[in-house]
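Q: Dropping the structure in here first, questions after.
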């Protein structure tokens, strides 16, 4: 069958499996071309099938020779459709690792479910050498189910309503958007979903099961951003959740350092096109302009470049000294927040309008980056060639 992209607003309704495989290989090739680093060898990644989680898995396996366990919530092919890109990313990541003699075990299910933690712990004890030396928390979801009910996050401000523009990838239009102020319950719910609670639950469970190695590290991905995006991000409901995540990092760092000589860090990344970021109100024009400016300056990074720089220069540098800021955070958003980049954005941003946004920003690069997440717009793929779904249906993560 021929597979063409199906977009609904900023959500991809399908994927192109051969394109997913090719894009995964391109990212692995990038890591292969870089200098190897001596990092963790047994890694658990929560949220491993796309974005920073997937890039981390590839960088650690290809660049550092790590065995990995990935947990993700994905769907396979069925009568309803091809399945999700993350489903195929899991499969092809495992194949790529096995070609190198490495383990890449996949658990597909709800990482918020205590039963999933138990499954992973049993696997670590019985089939993964008994210990992990790095745990990455990279979960992005809109809701979290707990014993007390379901928490639903919202993307709102916390101070006053704001008005701006958002890119609609389906229509390729810049659309006016209003963002309302969250109430107390919505702020709390968003923190329950996007904060550090579940990170703590995993680390506590892993530690109690004695599957964290001596000097084990754990990192959680975050974003802070510039003043320009503060109302919706840093000071919005998602920012409140990230504050909780950062506070959790400090608490877990004390806990791990005391008991295992280990550490916990929040890693602040640059703004990128991910399945989650395209959904954040009024962030997209900023990201599209950021792409334009950083490409012009020759310092643009996608998730894979960020992941390699994180592990090779910040977490596992040759001198063994983890690179941290004054708040004990890892910062790989330094290029985005540099004066050079932000001055260029400030000079251009207010001129962006629905009539000219494709000319004033890197809209084409922004959309192509999103399409690649789903196996489309990948160089070297013939999208007029039929895809044999009967063969793909045989594949398992």
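Residue numbers (our numbering): 345 to 741. Glycine included, each C-beta is placed from N, C-alpha and C at the ideal position.
(1) Any heavy atom of the ligand HEM within a distance shorter than 6 Å of the CB on residue 656?
(2) Work out the CA separation of residue 519 and residue 383 for me, nearest whole Å.
(3) Within a Cβ cutoff of 6 Å, which residues of the same chain sit near residue 658, ignoring the five residues on either side of it in sequence?
(4) Quickly, what does DSSP pair residue 517 with across the bridge? List them, please.
(5) Could you work out which residue in 596, 531, 570 is closest to residue 563 when comparing CA atoms only?
(6) In whole angstroms, give me the CA-to-CA distance for residue 338 and residue 554.
(7) Does DSSP put residue 359 in a helix, a strand or coil?
(8) What number of angstroms, rounded off, separates the C-alpha of residue 454 from the C-alpha of residue 692?
(9) Bridge partners of residue 344, per DSSP?
(10) Mind checking which residues open and close the alpha helix (DSSP H) that includes residue 450?
(11) Give the straight-line distance between the Cα atoms of residue 635 and residue 459, rounded to the nearest whole angstrom.
(12) Using only the alpha-carbon positions, how far apart do residue 386 and residue 402 sit?
(13) Would you identify the three-state DSSP class for residue 621, choosing helix, strand or coil?
(14) Hey, could you find the ends of the alpha helix (DSSP H) residue 531 is sitting in?
(15) With H, G and I counted as helix, E and B as strand and the rest as coil, what does DSSP make of residue 739?
(16) Look at the alpha carbon of residue 473 and the alpha carbon of residue 508, and state the distance between them as a whole number of angstroms.
(17) Assign residue 353 to one of two classes, buried (16 or more other C-beta atoms within 10 Å of its C-beta) or exposed (fewer than that).
A: Taking the structure as given:
(1) Although the ligand HEM was asked about, the structure shown includes no ligands whatsoever.
(2) 44 Å
(3) 667, 674
(4) 512
(5) 596
(6) Residue 338 is absent from the model: the chain starts at 345 and stops at 741.
(7) coil
(8) 42 Å
(9) Because the chain is modelled from 345 through 741, residue 344 falls outside the range shown and cannot be assessed.
(10) It is not in any alpha helix (DSSP H) - residue 450 instead sits in the beta strand (DSSP E) that spans 448-452.
(11) 40 Å
(12) 13 Å
(13) helix
(14) 528-538
(15) coil
(16) 51 Å
(17) exposed
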